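Worksheet for the structure shown next.
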Amino acid sequence: KNQVEQSPQSLIILEGKNCTLQCNYTVSPFSNLRWYKQDTGRGPVSLTIMTFSENTKSNGRYTATLDADTKQSSLHITASQLSDSASYICSFQRGASGTYKYIFGTGTRLKVLA
Amino acid sequence: NAGVMQNPRHLVRRRGQEARLRCSPMKGHSHVYWYRQLPEEGLKFMVYLQKENIIDESGMPKERFSAEFPKEGPSILRIQQVVRGDSAAYFCASSRTDGVNTEAFFGQGTRLTVV
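Chains as they are written, first to last, in this note's numbering: chain H, 1 to 114; chain V, 1001 to 1115.
Set out below in structure tokens:
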């Protein structure tokens, strides 16, 4: 069964610190993996996109990695800011057919404190 | 270029009433997707529409739920005879095409509360 599990469920860090969010998956095959940021009361916004053959992708202070052997992806946030407080969701776009059918994780709620 | 617009942002309905959720895609986007997000759960695909056509409704309950995307006007997700379990955030996304790696942009969602 195609599943996406994220950890931790929630995380509190101090401003300026780094953090890493995890995403374990069993989705197969998939065409790409996206990490989204979802502010409270808002829709998700794409941060990074990686194809199944890529290992890492950066977007400013956000760096996503993908390990196909362990079926894990991570999102690393460096020098966190208060505005990073949000939910972070990993999602997989199914391959072969139904390319629009994303499978989403439940997200990690990040709180950055001053 | 305005983003995906959803309205209303919040909707309260009594059990048994109808809920109508609207979604105006981004300019130039003819592909619309509806997702439901329950508390503590991930976004779940409901239905995919192109102008005047339902392409895939495999994620939508067969009873009480319907969706349309007319030639003119917004896409509508309609829930008839709402029940408490329908309380959720409903998100619409749109894209220019449906190709692999095409990004779909999300609206801010409609939060439906059934009392």
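All C-beta atoms, glycine included, are put in the ideal place defined by N, C-alpha and C. Source: prediction; values computed, not measured.
The CB of PHE104 of chain H comes closer than 7 Å to the CB of GLY1042, LEU1043 in chain V, given here in chain order.
In chain order, PHE1091, PHE1106, GLY1107, GLN1108, GLY1109 make up the part of chain V whose C-beta sits under 7 Å from the C-beta of GLY43 of chain H. Under the three-state reduction of DSSP, ARG109 of chain H is assigned to strand. Close partners of VAL27 of chain H in chain V (Cβ separation under 7 Å) are lacking, with about 12 Å as the shortest Cβ gap. Within the segment 42 to 75 of chain H, those residues whose Cβ lies closer than 9 Å to any Cβ of chain V are, in chain order, ARG42, GLY43, PRO44, VAL45, SER46, ILE49, THR51.
Distances from the alpha-carbon of VAL1083 of chain V to those of V:MET1005, V:GLY1016, V:SER1024 put V:GLY1016 closest. Using a Cβ-Cβ cut-off of 7 Å, VAL1100 of chain V counts as an interface residue toward chain H, since at least one Cβ of chain H sits closer than that to its own.
Around the beta carbon of ALA1002 of chain V, fewer than 16 other beta carbons lie within 10 angstroms, which makes this residue exposed. When beta bridges are read from the DSSP output, ASP67 of chain H appears opposite H:GLN72.
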